[in-house]
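S.K.: Numbering (the UniProt record's numbering), first residue to last: 1 to 410. Idealized CB from N, CA, C, for every residue including glycine. These figures come from a predicted structure and were not determined experimentally. Dropping a structure here in C-alpha cells format, bear with me for questions.
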C-alpha cells in the first residue's frame, strides 16, 4: 500500500499543484474511496496548473484498483469528467468505455512519446550540480529525469525497448558524471557504471572524502590534472620574482627570449658558432693537437704540421668527391674551424703560402703552383682562362695530394 502511495506521488511530475494534491490524498488515505480519489485529480485542460498527460495516465493506471468497488465504465466516465475546455470537446466525440482505451487515447492525442523522450535526453547534457548542492540531491534530479524517459519508452509502441533503455541509462550516467564537481570526478575509481545508482553511490563517497579532507582536491589521483595544478602554482610563485621577465620562446618566467640558453644553443648550431658548445666538425682532433703544442708554432718548413694534417684526414668526405657535398662540407668545416680558433696562436690559418701569397696552406699544397708546373711540363702557356678552368675541375674532382712534391720551391 505504501508503494502505491509512492507511485501516485511520482506521477505528479514537476507540477507543484499536482504534487500537493496527491500528497494530501496519500496523507489522508482517502484514495480507496472513488469519489475522494477523483476529487484530488486536477483538471486536464492543458494549462500549467492543470494535470499533465503523464500524470493523468498514472492516475488511470492507479484507478484500476477501484474496479472491484466501482464499475470500470463509471470510473472511465469519472476520469473523462476531468477533461476541460478544448480537451473535453475532443474526447466527448469518442466512445471510450475501458481504462486501456482511455490511456491509448491520451497518448495518441495529447502526448508524443518520441518527441518527449528525445527532449528529455537533451537534459542529460545540460544538467549540472549546483554550487552548494549535495550529491544525493543532484542524483535525485538526474534519476527523476531518467525515470520519466524510461516511462515514455515503456508506454510507447517502439521496438527494442530494452536496448533503448540501456542506451538511455548509459547517457544518463555520462551526463551525471559530467555535471559533477571536478574534485569529485577526480576521485572516482571508475567512470563507466552500468546503473545510475552505482554512480551516485561512488560520487557520494568522493563527496565524503572531500568533506573530511578539504585539501584532497589539490593532491589528486589524476596525474594530468595534478601536473596542471602544480604547474600553475609554480608559475604563480615564479611571477613573484623582482625581474618580472617572461620568455616568449618557451613561455616561462624568469628570463627573456634573448637570454634563453636553448635558443642560444640552437643559434650556435645553426650559424656554426660552436666556441662555447664544442666543435662538432671533423677537425676537432686537429685543433686539440695544435692547442696542446702552443710552443710548436707551425711554419712553412714544419714537418710535424704537415704530418698532422695528413694523419687527421683533412678530406673527411673521400667517398663523395664527385658531388657538390664535398665542397659544402669542406667550406663549413673550414668556417667553423676559423671561428673556433680565431684567438689561438697555434691556428693553422696563420701560415701563408710563399708561392701565391695566400693564407691557409703552404707551398707544397698550393694548387696554383702544381697547375703551372703541369703546364710547363706539357709545353702549354699559362693563361688566365685555362687556369680558371683547371682550378674548377680540380675543385670538383678533389684529386689527392699524395704525389705533390714536398717543401717550398726556391
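Contact check, residue 149 vs residue 120 under 8 Å by CB: the rounded distance?
M.R.: Yes, they are in contact, since the Cβ atoms of residue 149 and residue 120 sit about 4 Å apart, within 8 Å.
S.K.: Which residues in the same chain have their Cβ closer than 7 Å to the Cβ of residue 64, if we skip the five residues on either side of it in sequence?
M.R.: Excluding sequence neighbours, residue 64 sits near 99.
S.K.: Would you kindly work out how many angstroms separate the C-alpha atoms of residue 299 and residue 376, rounded to a whole number?
M.R.: Low per-residue confidence applies at residue 299: pLDDT is 47, beneath 50, and the placement is therefore not dependable, though the value from the model is reported in the following sentence. Taking the straight line joining both Cα atoms gives about 28 Å.
S.K.: Does the structure place the segment 53–61 close enough to the segment 90–98 that three or more beta carbon pairs sit under 8 Å?
M.R.: Contact between the segment 90–98 and the segment 53–61 is absent, because fewer than three Cβ pairs lie under 8 Å.
S.K.: What does the Cβ neighbour count give for residue 370, buried or exposed, with the cut at 16 atoms within 10 Å?
M.R.: Answer is buried; the Cβ neighbour count reaches 16.
S.K.: Opposite residue 352 in the DSSP bridges: which residues?
M.R.: Residue 352 is bridged to 359.
S.K.: Roughly how many whole angstroms lie between the Cα atoms of residue 89 and residue 138?
M.R.: Answer to the nearest angstrom: the Cα atoms are 41 Å apart.
S.K.: Quick test of your reading: residue 124 and residue 153, contact by CB under 8 Å. State the CB separation rounded to the nearest angstrom.
M.R.: With a Cβ gap of about 14 Å, residue 124 and residue 153 do not count as contacting.
S.K.: Tell me whether the beta-carbon of residue 411 lies closer than 8 Å to the beta-carbon of residue 195.
M.R.: This structure leaves residue 411 out entirely; the chain is present only between 1 and 410.
S.K.: Of the choices 102, 157, 359 and 179, whose alpha-carbon is the least far from that of residue 82?
M.R.: Among 102, 157, 359 and 179, the Cα nearest to that of residue 82 belongs to 102.
S.K.: Do residue 41 and residue 51 have their C-beta atoms within less than 8 Å of each other?
M.R.: In contact: residue 41 and residue 51 (Cβ atoms closer than 8 Å).
S.K.: In whole angstroms, give me the CA-to-CA distance for residue 48 and residue 91.
M.R.: In a straight line, the C-alpha of residue 48 is about 20 Å away from that of residue 91.
S.K.: Is it the case that the Cβ atoms of residue 206 and residue 187 are separated by a distance below 8 Å?
M.R.: In contact: residue 206 and residue 187 (Cβ atoms closer than 8 Å).
S.K.: How many whole angstroms separate the CB atoms of residue 362 and residue 353, which I take to be in contact at a CB cut-off of 8 Å?
M.R.: Residue 362 to residue 353, Cβ: 6 Å. Contact.
S.K.: Could you tell me the alpha carbon to alpha carbon distance between residue 181 and residue 167, rounded to whole angstroms?
M.R.: So the alpha carbons of these two residues sit roughly 24 Å apart.
S.K.: On the DSSP bridge assignment, give the partners of residue 83 in chain order.
M.R.: Paired residues: 44.
S.K.: Is the separation between the beta-carbon of residue 179 and that of residue 128 shorter than 8 Å?
M.R.: Their beta carbons are under 8 Å apart, which means residue 179 touches residue 128 by this criterion.
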